[in-house]
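Have a look at the structure below before the remarks.
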Amino acid sequence: MSEKEKKQVRDSNISRRSFLKGVGTGTVAATVAPTVLIGAEKSAEAQMDEAVSTAKIQLNINEKSYQVEVEARTTLLTVLRDGIDTSGNNVDLTGAKLICDRGECGGCTVIVDGKTVYACMMLAMDAQGKQITTVEGLADGDDLHPVQEAFIQHDALMCGFCTPGFIVSSAALLNENAKPTLGEIKEGLSGNTCRCGTYPFIFDAVKTASRKNFN
Ligand code: FES
Ligand code: FES
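Letter by letter, the sequence shown follows residues 0 to 214 in numbering that gives the first Met the number 0.
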């Protein structure tokens, strides 16, 4: 190998080392950067948690007044299921179910000022001054609501997890439309999902309830 060729080989080794060194640094940077970011997110999260403030609000649920302390982000469903009023008593209305927590299944359906609402999608603060009815508020003491009776009569449930939401939606539907057709029942309950597939029994139950209640 001539002197000139040896020099070329030396030069190329140097540049390869420099290149690898550069890549190595970049790789380290790429590996470290997310860690640093995650650390930053955590501290921002911690700061937000410290900054969270609460407010006392009054909610009218099933014709009873509850005073509860909530954060701005607290949902109506959280208050119903896990809320504690300012006297230290649990709200304890666990009929509305937390299933999808994103407004897709209807398991948390309640009636707010006459309209069905997904309680997981409504902020508790926005429910102030409104009349809230949960599945627990449909019965009159020991007398079940006609929809509840019809669900029992038609065995319109399997696991029962979706049932409170369906009962509330059915009651709201019959309040608006005393004699719905099958098509109207299907449309009225289209915001509720039953993974066990008890739909035909549910539709029959609503039909029966409409006859019982409004004939
Ligand atoms: S839990 Fe609210 S819609 Fe599913
Ligand atoms: S009865 Fe099981 S999800 Fe409806």
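We treat Cβ as the ideally placed atom computed from N, Cα and C, and that holds for glycine.
- By alpha-carbon distance to Ala171, the top candidate from Thr162, Thr192, Gly187 and Met157 is Gly187.
- By the Cβ rule, the segment 184 to 201 does not count as touching the segment 128 to 139, because fewer than three pairs are nearer than 8 Å.
- Lys178 carries a coil assignment under DSSP once its states are collapsed to helix, strand and coil.
- Taking C-beta atoms as the reference points, Val116 and Thr133 fail to come closer than 8 Å.
- Taking 8 Å as the cut-off, the beta carbon of Leu173 is found closer than this to the beta carbon of Ala208.
- Boundaries of the alpha helix (DSSP H) harbouring Leu79: Leu75 to Asp81, taken from the DSSP string.
- Those residues that have a beta carbon less than 7 Å away from any non-hydrogen atom of ligand 1 are, in order along the chain, Leu76, Lys96, Leu97, Ile98, Cys99, Asp100, Arg101, Gly102, Glu103, Cys104, Gly105, Gly106, Cys107, Tyr117, Ala118, Cys119 and Met120.
- Within its own chain, the residues whose Cβ lies closer than 7 Å to the Cβ of Ala126, once the five positions on either side in sequence are excluded, are Leu58, Leu75 and Val111, listed in chain order.
- Sequence-distant Cβ neighbours of Val205 in its own chain, meaning closer than 6 Å and more than five residues away, are Ser169 and Ile184.
- Only residues of its own chain outside the window of five on either side were considered, and among them Gly105 have a CB closer than 6 Å to the CB of Gly190, listed in chain order.
- Taking a contact as a CB-CB distance under 8 Å, the pair Phe200 and Asp154 counts as one, their CB atoms being some 6 Å apart.
- Separation of the CB atoms of Ile56 and Met121 is rounded to 13 Å, and the pair is thereby denied contact status at 8 Å.
- Asp142 carries a strand assignment under DSSP once its states are collapsed to helix, strand and coil.
- Distance from the CA atom of Ala118 to the CA atom of Ala43, rounded to whole angstroms, is 29 Å.
- The Cβ neighbour count for Cys107, taken over all protein chains shown within 10 Å, is at least 16; the residue is labelled buried.
- Linking Phe165 to Asn88 through their CA atoms gives a straight-line distance of about 28 Å.
- A distance of 8 Å or more separates the beta carbons of Thr192 and Cys158.
- The Cβ neighbour count for Gln66, taken over all protein chains shown within 10 Å, is under 16; the residue is labelled exposed.
- Taking the Cα of Asp84 as reference, the smallest distance to any Cα among Gly94, Val69, Asp100 and Phe150 is reached at Val69.
- Scanning the segment 104 to 158 from its first residue to its last, the whole alpha helix (DSSP H) runs of 4-plus residues come out as 145 to 152.
- Straight through space, the alpha carbons of Lys211 and Leu79 are spaced by roughly 30 Å.
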